[in-house]
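In our numbering, the protein residues as written are 1 to 136.
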């Protein structure tokens with residue numbers, strides 16, 4: 001796992017990149033960041049989402065089923081890409097919207113509930129067994 005950088009540190013570097021003549025490589029060297037592409041990513045997120053794009057907290061945001069449905073509906077009605085949709089709703093994790101779409105197609109609207117992390121619970125398995133038994 002790579003090193004994690006604090007929000008303030010990332011913001012300082014992004015602002016220095018935007019306000020000085022130093023490029024990605026020079027800044028990476030100056031601040032001993034092993035990979036200049038990391039700075040490129042920070043700058044891109046900053047340009048797209050503002051300072052919040054650099055915050056880790058936005059990753060752990062919990063979205064309601066209703067919000068997810070409205071995002072997917074908006075995307076469909078306006079024929080937008082996942083990137084355009086993410087930008088509109090200020091969601092920094094584009095792949096999350098793709099995952100919502102996949103869950104909606106596979107499991108229907110209830111697939112968008114927030115308890116979908118990890119393995120199914122024992123209760124879910126029992127319900128599945130009961131419905132299988134009813135089919136046989």
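Using N, Cα and C, we set each Cβ at its ideal position, and we do this for glycine too.
Q | Distance between residue 76 and residue 86 (C-alpha atoms, nearest Å) | A | As a first step, residue 86 is located in the chain shown; it is residue number 86 there, counting from the start. As a first step, residue 76 is located in the chain shown; it is residue number 76 there, counting from the start. Answer to the nearest angstrom: the Cα atoms are 13 Å apart.
Q: Output the boundary residues of the alpha helix (DSSP H) element that contains residue 37.
A: Taking the first residue of the chain shown as position 1, residue 37 is located at position 37. It spans 36-49 - the alpha helix (DSSP H) in which residue 37 sits, taken as one unbroken run.
Q | Best match in 89, 99, 4 for proximity to residue 42 [C-alpha to C-alpha] | A | Here residue 42 corresponds to residue number 42 of the chain shown, with the count starting at 1. Of the candidates 89, 99, 4, the residue whose Cα lies closest to the Cα of residue 42 is 4.
Q. Leaving out five residues before and five after residue 45 in sequence, what residues of the same chain have Cβ atoms less than 7 Å from its Cβ?
A. If you number the chain shown from 1, residue 45 lands on position 45. These residues qualify, in order along the chain: 53, 54, 92.
Q | Backbone secondary structure at residue 71 - three-state DSSP | A | Indexing the chain shown from 1 puts residue 71 at position 71. Reduced to three states, the DSSP call for residue 71 is helix.
Q) When you compare each of 26, 33, 23, 19 to residue 6 by their alpha carbons, which one comes out closest? A) The sequence position of residue 6 within the chain shown is 6, counting from 1. It is 33.
(Q) Can you check which of these residues, 51, 69, 23, 73, is closest to residue 112 by C-alpha distance? (A) Within the chain shown, numbered from 1, the residue matching residue 112 stands at position 112. A check of alpha carbon separations from residue 112 across 51, 69, 23, 73 identifies 69 as the nearest.
Q. Taking the alpha-carbon positions, what's the residue 131 to residue 61 distance?
A. As a working note, residue 131 is residue 131 in the chain shown. As a working note, residue 61 is residue 61 in the chain shown. With a pLDDT of only 46 at residue 131, under the threshold of 50, the placement of this residue in the model should not be trusted; the figure read from the coordinates follows. A straight line joining the alpha-carbon of residue 131 with that of residue 61 spans about 34 Å.
Q: Provide the residue span of the alpha helix (DSSP H) that contains residue 52, from first to last.
A: One-based indexing of the chain shown puts residue 52 at position 52. Residue 52: not part of any alpha helix (DSSP H); DSSP gives it neither H nor E.
Q: Compute the Euclidean distance between the alpha carbons of residue 67 and residue 73, then round it to the nearest angstrom.
A: One-based indexing of the chain shown puts residue 67 at position 67. One-based indexing of the chain shown puts residue 73 at position 73. Computed Cα separation, rounded: 10 Å.
Q | Segment limits, alpha helix (DSSP H) that includes residue 96 | A | Along the chain shown, one-based indexing puts residue 96 at 96. Its alpha helix (DSSP H) spans residues 94-107.
Q. Tell me which same chain residues have a C-beta within less than 8 Å of the C-beta of residue 97, skipping the five on either side of it?
A. Numbered from 1 along the chain shown, position 97 holds the residue referred to as residue 97. Answer for residue 97: 71, 72, 75, 82, 85, 86, 91, listed in chain order.
Q.
By the three-class DSSP mapping on this structure, what secondary structure does residue 88 have?
A. As a working mapping, residue 88 is identified with position 88 in the chain shown. Looking at residue 88 - three-state DSSP - the assignment turns out to be helix.
Q: State the Cα-Cα distance for the pair residue 79 and residue 10, rounded to the nearest angstrom.
A: The residue labelled residue 79 in the question sits at position 79 within the chain shown. The residue labelled residue 10 in the question sits at position 10 within the chain shown. Taking the Cα positions, residue 79 is about 34 Å away from residue 10.
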